[in-house]
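Reading through the C-alpha cells given below for one structure.
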Amino acid sequence: MSNSTSNNYNNNLMQCQDCKGHFPLYTLEGLLPAQFKDESSFDEALLCLKCRRKAFEFIKEPYPYQVAAYSDSIVGVTIIPRITGSEAKLQYGLDDSFLDLLPHVTARFVSSAGEICKIKMYEDREILERARWMFGRDVGVLNACRVLALLGERIEHPPVGAIRERRNFICQMFLKQDLFEAPELPSVRRSVEHRQGDLHQIANFMRSRLIEYAFQAEPPPPGVNEYIDPVNGARILPRISMFEAKAQYCMDPDDLINCRLIGANFVQAAGAPGIRAMYEERDVLLVARLKYGGDVGIVYARGWFAARGVQVEVPPAGVFRERRNRIREAFLTKGYYAAPELPFVRLYVQAGEGNLEGIVQNFAIGWFDR
Ligand SMILES: [Zn+2]
0 MSNSTSNNYN NNLMQCQDCK GHFPLYTLEG LLPAQFKDES SFDEALLCLK CRRKAFEFIK
60 EPYPYQVAAY SDSIVGVTII PRITGSEAKL QYGLDDSFLD LLPHVTARFV SSAGEICKIK
120 MYEDREILER ARWMFGRDVG VLNACRVLAL LGERIEHPPV GAIRERRNFI CQMFLKQDLF
180 EAPELPSVRR SVEHRQGDLH QIANFMRSRL IEYAFQAEPP PPGVNEYIDP VNGARILPRI
240 SMFEAKAQYC MDPDDLINCR LIGANFVQAA GAPGIRAMYE ERDVLLVARL KYGGDVGIVY
300 ARGWFAARGV QVEVPPAGVF RERRNRIREA FLTKGYYAAP ELPFVRLYVQ AGEGNLEGIV
360 QNFAIGWFDR
C-alpha cells in the first residue's frame with residue numbers, strides 16, 4: 000500500500016492501478032479492490048469506477064443463485080425472477096431514473112387505499128446488470144449499498160436460497176394473472192419465509208380483492224350493472240351472449256370461464272331449438288378490463304382485431320341499450336333468448352316499435368308452446 004501511495008499529494012487519495020488517477024477509497028466513484036479469476040494480468044487490483052467498468056466489460060461475473068431464469072425443480076416451469084423498482088432501489092441501490100429504458104411487464108395490485116394500481120416488474124438479472132455497470136461490478140454494488148446505508152438510505156439484502164426460490168415462484172404465479180403481490184402482505188410473507196399456506200389460495204384471495212375493487216376504481220357505464228327499469232319497474236341484470244362478448248369485448252370462450260351465466264332457449268338458424276349461454280355483462284366487462292388494461296385497452300383491442308378482419312361491435316349505449324336490456328330481460332324471464340338480428344327485436348331496439356308483452360307472448364306461442 001505504501002508504494003502505491005508514494006506519489007500522493009493527499010493522504011486520503013490512492014492511485015488507481017490502471018489509469019493511475021487518484022481517488023478516495025470506498026466511495027461511490029472511488030477505488031475498490033477488484034478480484035480477477037482469470038483473463039487478466041491482475042489477481043486483485045485497486046481500481047476506480049471507470050476502470051472497473053472497463054476491466055470487467057469482457058469478463059462476465061456469474062449470476063447469484065436463482066437470479067437469472069431457471070427451471071423450477073418442483074413444477075418444472077421456467078421461472079424468470081422479477082422485482083419492482085422499489086426493490087431495485089432497496090436491494091441494489093438503483094434509482095428509478097436508471098430503470099426507464101429497461102424492459103418490463105406491468106402488473107396490477109390493490110393499494111391500501113383500495114385503488115387499483117399498476118406496477119412495473121423488471122427482470123432481476125437486468126437490474127443486477129444495470130447496477131453492476133452503474134457501480135462498477137459486484138464489488139461496486141456491495142460498496143454502493145454500504146455507502147447508501149451509511150447515508151441513511153434503507154437497504155435490504157436480496158433474498159437468498161429457498162426463500163428466494165419461493166419468492167420467485169409466488170411472484171411469477173401472480174404475474175401470470177397480471178397481479179403483483181406485495182411481499183409485506185402477511186399471507187405472502189408466511190408463504191415465502193415460512194413455507195406456509197396454499198399458493199393457489201393466496202392467488203384467489205388476491206384476485207377476489209381485485210375484483211371487489213375493480214368497479215370502485217372504474218365504474219361500469221350505465222346499463223351494465225343490475226338496475227330497476229324506470230319504464231316498467233322490472234329488475235334488469237344485463238346479459239350478453241358469447242358472440243357479443245367476442246365482438247364487443249374481444250373475449251375468447253376461455254376468458255369467460257369465471258363469468259356468471261344462465262342458459263336460455265333459442266332457435267337456431269336451421270330452426271331447431273338450442274340452449275344459449277348468457278353471461279352477466281358486468282362480469283364480461285370486468286374480465287375484459289383486466290385482460291386489456293381498462294376501458295381504454297378494450298377500445299384499443301377492438302381496433303386491433305378490426306384491423307385484422309375480425310368482426311367487432313361497439314356495445315349499445317343510451318336508449319338502444321335500455322331497450323335491448325328491457326326486451327332481453329323480458330325474454331330471459333320466460334327462459335328464452337331472442338337474437339338481436341330477429342326482425343321484431345331489431346324493430347323494438349332500433350325504433351322502439353312494438354308492445355313488449357305482445358312480442359314475448361307471440362314468440363313463446365310461435366316457437367315453443369305449440
Ligand atoms: Zn482508474
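To convert, note that position 179 of the sequence shown is 178 in numbering that gives the first Met the number 0; the numbers rise steadily by one, no gaps.
Every residue gets a Cβ at the ideal spot worked out from N, C-alpha and C, and that includes glycine.
Endpoints, the beta strand (DSSP E) within which residue i is located
i, result
"Val109", "His103 to Val109"
"Val138", "Careful: Val138 lies outside any beta strand (DSSP E), inside the alpha helix (DSSP H) at Arg136 to Leu149."
"Met13", "Leu12 to Gln14"
"Ala112", "No beta strand (DSSP E) contains Ala112, which DSSP labels as neither H nor E."
"Phe265", "Leu260 to Val266"
"Ile256", "Careful: Ile256 lies outside any beta strand (DSSP E) and carries neither H nor E."
"Arg81", "Arg81 to Thr83"
First and last residue of the uninterrupted alpha helix (DSSP H) at residue i
i, result
"Met172", "Gly160 to Leu174"
"Leu93", "Note, Leu93: premise wrong, no alpha helix (DSSP H); not H, not E."
"Val318", "Gly317 to Thr332"
"Arg189", "Pro185 to His193"
"Arg345", "Pro342 to Ala350"
"Met241", "Met241 to Tyr248"
Beta-carbon contacts of residue i that lie in its chain and below 7 Å, excluding the five residues immediately before and after
i, result
"Val66", "Pro80, Asp123, Arg124 and Leu127"
"Lys68", "Note that residue 68 corresponds to Ala in the displayed sequence, not to Lys. Closer than 7 Å at Cβ, skipping near neighbours: Thr77, Ile78 and Ile79."
"Ala246", "Gln310, Val311 and Glu312"
"Arg129", "Leu93, Phe97 and Leu101"
"Asp228", "Ile235 and Arg325"
"Leu12", "His21, Phe22 and Pro23"
"Arg194", "Arg165"
"Ser70", "Thr77"
"Ile87", "Sequence inspection shows Ala at residue 87; the Ile mentioned does not correspond to that position. Within the same chain, Ala87 has close Cβ partners Leu93, Leu98, Tyr121 and Ile126."
"Arg307", "none"
"Cys15", "Phe22, Leu30, Leu45, Leu46, Cys47 and Cys50"
Cutoff 8 Å; reference residue i; Cβ partners in own chain excluding five residues on either side
i, result
"Asp42", "Gln34 and Phe35"
"Phe319", "Val348 and Gln349"
"Cys18", "Cys47, Lys49 and Cys50"
"Lys333", "Val359 and Ala363"
"Val191", "Pro158, Ile162, Arg165, Arg166, Ile169 and Pro182"
"Leu331", "Arg238, Ile261, Ala263 and Met277"
"Leu346", "Glu352 and Gly353"
"Trp132", "Arg52"
"Tyr62", "Arg124 and Leu127"
Check: residue i C-beta below 7 Å from any heavy atom of ligand 2
i, result
"Ile82", "Of the ligands this structure carries, namely ligand 1, none is ligand 2."
Cβ-based neighbour list, residue i, same chain, cut-off 6 Å, excluding 5 preceding and 5 following
i, result
"Asp95", "Gly84"
"Asp177", "Ala106 and Arg107"
"Asp254", "Val286"
* What residue ranges within the stretch 24 to 73 form continuous alpha helix (DSSP H) runs of no fewer than 4 residues, ordered along the chain? -> 48 to 55
* Any alpha helix (DSSP H) of 4 or more consecutive residues that is wholly inside the stretch 278 to 313 -> 280 to 291 and 293 to 306
* Counting pairs of beta carbons, one from the stretch 229 to 237 and one from the stretch 320 to 339, are three or more of them closer than 8 Å? -> yes
* To do: Give me every residue whose Cβ sits closer than 6 Å to any heavy atom of ligand 1, in chain order.
  => Cys15, Asp17, Cys18, Gly20, Leu46, Cys47, Lys49 and Cys50
* Would you check if there are 3 or more beta carbon pairs closer than 8 Å linking the stretch 279 to 295 to the stretch 238 to 255? => yes
* If we count Cβ pairs, one from each stretch, closer than 8 Å, do we get three or more for the stretch 153 to 160 versus the stretch 40 to 60? -> no
* Decide if the stretch 272 to 279 is in contact with the stretch 298 to 315; the criterion is three or more beta carbon pairs, one per stretch, under 8 Å apart. => no
* Taking three-plus beta-carbon pairs below 8 Å as touching, is the stretch 219 to 234 in contact with the stretch 255 to 272? -> no
* Could you say if the stretch 292 to 309 and the stretch 344 to 364 meet the contact criterion of at least three C-beta pairs nearer than 8 Å? => no
* State whether the stretch 127 to 141 contacts the stretch 22 to 32, with contact taken as three or more CB pairs (one from each stretch) at a distance under 8 Å. => yes
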